[in-house]
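In what follows, a single structure is set out as structure tokens and then discussed.
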Amino acid sequence: MKPHTIDNLTKRLQQYHRFGILKTLTIVSLGVILLVNLVGYAFSYPLLPSPLLGFYSFFAASSNSSSSSSSFPSDTDSCSHCSNVPSPTTRNSDFRDKWFVVPSQHSPSSPLPPPPSPVSSRPVSSPPPPPILSPPPPVSSPPPPTISNPSPSPPSPVLSPPPPTILNPSPPPPPSNLNPPEEPKPSNTTSTETERVTQDCDLSRGEWIRDWQSPYYTNTTCYAIQEHQNCMKFGRPDSDYLKWRWKPDGCELPLFDPVRFLEAVRGKSMMFVGDSLARNQMQSLVCLLSRVEYPKDISETTDENFKTVFYQTHNFTISIFWSPFLVRNEQQTGGTAKSMLWNLYVDEIDRRWASRVDGFDYVVISAGNWFNRPSMFYENGKLFGCLYCPSDIVQQQQQLSMHYSNRKAFHHAFRTINSSRKFKGMVILRTISPSHFENGVWDNGGDCVRTKPFLRNETDLAGDELELYEAQLEEFAAAKEEGRRKGIEFRLLDMTRAMLQRPDGHPSRYGHWPDPRLTRSNDCVHWCLPGPVDMWNDLLAQVLDVYLRKRISDVSFSV
Numbered sequence: 029m030k031p032h033t034i035d036n037l038t039k040r041l042q043q044y045h046r047f048g049i050l051k052t053l054t055i056v057s058l059g060v061i062l063l064v065n066l067v068g069y070a071f072s073y074p075l076l077p078s079p080l081l082g083f084y085s086f087f088a089a090s091s092n093s094s095s096s097s098s099s100f101p102s103d104t105d106s107c108s109h110c111s112n113v114p115s116p117t118t119r120n121s122d123f124r125d126k127w128f129v130v131p132s133q134h135s136p137s138s139p140l141p142p143p144p145s146p147v148s149s150r151p152v153s154s155p156p157p158p159p160i161l162s163p164p165p166p167v168s169s170p171p172p173p174t175i176s177n178p179s180p181s182p183p184s185p186v187l188s189p190p191p192p193t194i195l196n197p198s199p200p201p202p203p204s205n206l207n208p209p210e211e212p213k214p215s216n217t218t219s220t221e222t223e224r225v226t227q228d229c230d231l232s233r234g235e236w237i238r239d240w241q242s243p244y245y246t247n248t249t250c251y252a253i254q255e256h257q258n259c260m261k262f263g264r265p266d267s268d269y270l271k272w273r274w275k276p277d278g279c280e281l282p283l284f285d286p287v288r289f290l291e292a293v294r295g296k297s298m299m300f301v302g303d304s305l306a307r308n309q310m311q312s313l314v315c316l317l318s319r320v321e322y323p324k325d326i327s328e329t330t331d332e333n334f335k336t337v338f339y340q341t342h343n344f345t346i347s348i349f350w351s352p353f354l355v356r357n358e359q360q361t362g363g364t365a366k367s368m369l370w371n372l373y374v375d376e377i378d379r380r381w382a383s384r385v386d387g388f389d390y391v392v393i394s395a396g397n398w399f400n401r402p403s404m405f406y407e408n409g410k411l412f413g414c415l416y417c418p419s420d421i422v423q424q425q426q427q428l429s430m431h432y433s434n435r436k437a438f439h440h441a442f443r444t445i446n447s448s449r450k451f452k453g454m455v456i457l458r459t460i461s462p463s464h465f466e467n468g469v470w471d472n473g474g475d476c477v478r479t480k481p482f483l484r485n486e487t488d489l490a491g492d493e494l495e496l497y498e499a500q501l502e503e504f505a506a507a508k509e510e511g512r513r514k515g516i517e518f519r520l521l522d523m524t525r526a527m528l529q530r531p532d533g534h535p536s537r538y539g540h541w542p543d544p545r546l547t548r549s550n551d552c553v554h555w556c557l558p559g560p561v562d563m564w565n566d567l568l569a570q571v572l573d574v575y576l577r578k579r580i581s582d583v584s585f586s587v
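Note that the numbering used here gives residue 303 to position 275 of the sequence shown, counting from 1, and the numbers run on in steps of one.
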């Protein structure tokens, strides 16, 4: 073999050797690229830069068709057999849904989620106010489980019509003056700030502002509503009287929180003493607390005027003691409700409630609307005066006003509690609740047909109601000072001016079904449930809250 032939062969072998190494390196490199790319697709990480991905796609498309199982088609729309082949995006999504529990954002039938819809620049309107339950159809309500007695009972003194001498309010103002107060702006006051400002705030002065929220309860969710206060059941056509809340001047009155209230009174007992309006408040409280717990009726009698209920979960007891005059009283027989005489022993306490007061932690005391009934006043066992005396004895006894008996009754009631050696709880005076008869008195066509609150400058206390109110405050102030020396707390629940602005909250003719055979007076004394009377327990909750926080502060300071 010629030397140049040997040289040529050697060079050709060297070229083949170099080409084999290059080919081997190329194949190995492409294999590594393929493996890395598959891993990247599996975990949705772009491991390869765009140029290498393009090179890989070109290489995969031009590779041997027998190795197609190791690669994905670059475009499923370019072949007829690719419709069921999942794209990398779909596979990644399936993997993440299975192992990372990522909620799917698109339909399984489409490989990619739809594009997001454009966001409108138009402001979203606020939702309409929640609807208030309209009065139910006239059907019989289910019997209450424990407290209320569903069967009709004969009239009792508590259901007697209001006194005949309630003063008529001023004539209705022109329609232009009946516009409701201005809509409130949303408050950004925190609960801590509200508690702080309320302590330094006069809760008795303010105005009613709009509140579009639904009431705390309805006549279908609370069984404790007495029939003649169940305005929804008996067809009251409007519900606007439910859409207001009390806004004191300079602060916010926190809404009633049943959970917080029951925790505050855990292991305690509360007594309501007074007339049917005291029962009105107690039944409101039972309804407010019904969102958390229904009480068990543990009354010793079936008389609605002396009921006791027990909240077993919170070991809390509520009792009502009907005592419209607070002092000992006797009703003379004969006569009508308008002319029937009462014997009032103004220096003798009503033992029905006074004998039980030592067993309670909180005593909510109230009275007022019964003191203008025809009465004979006794002191030291002797008759010494009267109110609306009958003609046969009018010359023999001096005529005294209702303010005399009202003041005497509260004075003796407070003194009885302060004289107790066992009572170390809290006494709460709930001030007089105004009535709203217009165009007549209770037994002569008087009615209350307004559907909105008064503005604060449209009405004010006057006449007998003002004198009763002032007498109660004066007796309360004296008793509070005496109680301070004896370790008894006295607190004021003053709702008189607030309720004076609510002529729309009474049952009127919607405390019973209409009956053409009967002549009934309109009720402008009691309050619909639900209704403005629920605000009394907003105040009650706040009075207790301030008192308990003060006790905690005093204990912390002493420690």
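A virtual CB, placed ideally from N, CA and C, is assigned to each residue, including glycine.
Contact set for residue i: own chain, Cβ-Cβ below 8 Å, skip 5 residues either direction
i, result
"E503", "R435, F438, H439 and F442"
Residue i, DSSP secondary structure in three states
i, result
"Q427", "strand"
"C315", "helix"
"K27", "Since the first residue shown for the chain is 29 and the last is 587, residue 27 is missing from the structure and cannot be characterised."
"T330", "coil"
"I393", "strand"
"F123", "Confidence is the limiting factor: at F123 the pLDDT is only 32, short of 50, which leaves the residue's position unreliable, though a coordinate-based value still follows. Note: F123 maps to helix in three-state DSSP."
"K410", "strand"
"L572", "helix"
"W370", "strand"
"V588", "The chain is shown from 29 up to 587; residue 588 falls before or after that span and cannot be answered."
"V301", "strand"
"D532", "helix"
"I253", "coil"
"F451", "coil"
"V293", "coil"
"I55", "helix"
Buried versus exposed call for residue i [16 or more other C-beta atoms within 10 Å across all chains shown]
i, result
"E235", "buried"
"A377", "Rather than Ala, the amino acid found at residue 377 in this sequence is Ile. Buried, by the Cβ-count rule."
"V355", "buried"
"N308", "buried"
"L63", "exposed"
"L572", "buried"
"Q500", "buried"
"D488", "exposed"
"V337", "buried"
"E291", "exposed"
"L53", "exposed"
"G539", "buried"
"K578", "exposed"
Beta-carbon proximity check, residue i vs residue j, cutoff 8 Å
i, j, result
"N565", "S312", "yes"
"W274", "L281", "yes"
"D386", "F451", "yes"
"N446", "K514", "yes"
"H554", "L496", "no"
"Y322", "P558", "no"
"L372", "M404", "yes"
"S461", "M563", "no"
"W458", "M368", "According to the sequence provided, residue 458 is Arg. The question's Trp does not apply to it. Cβ atoms of R458 and M368: not closer than 8 Å."
"G474", "N357", "no"
"S433", "F399", "yes"
"E498", "V455", "no"
Proximity test, residue i beta-carbon vs the ligand FMN heavy atom, cut-off 7 Å
i, result
"I348", "Judged by which ligands are present, the structure shown has none, so any question about the ligand FMN falls away."
Chain-order list of residues whose beta-carbon lies under 7 Å from that of residue i (same chain, five-residue window excluded)
i, result
"P286", "L316, L317, R319 and V320"
"E407", "V374 and D375"
"A490", "none"
"M310", "F300, I346 and I348"
"Q340", "K324"
"P276", "C229, D230, L231, R233 and G234"
"A382", "T444"
"L520", "L457 and F504"
"R380", "F349 and S351"
Residues near residue i by beta carbon distance below 6 Å, same chain, minus five either side
i, result
"D389", "K296, S297 and G453"
"C250", "C315 and S318"
"I253", "N247 and L557"
"P243", "L270 and P558"
"A306", "F300 and S394"
Cβ contact (3+ pairs, closer than 8 Å) linking the region 289-301 and the region 387-397
A contact exists between the region 289-301 and the region 387-397.
Does the region 533-540 come within contact of the region 466-474, defined as at least 3 CB pairs closer than 8 Å?
With the rule of 3 Cβ pairs closer than 8 Å, the region 533-540 does not count as touching the region 466-474.
Could you tell me whether the region 475-483 touches the region 541-548, using the rule of 3 or more Cβ pairs below 8 Å?
No, because fewer than three Cβ pairs between the region 475-483 and the region 541-548 fall closer than 8 Å, the two stretches do not touch.
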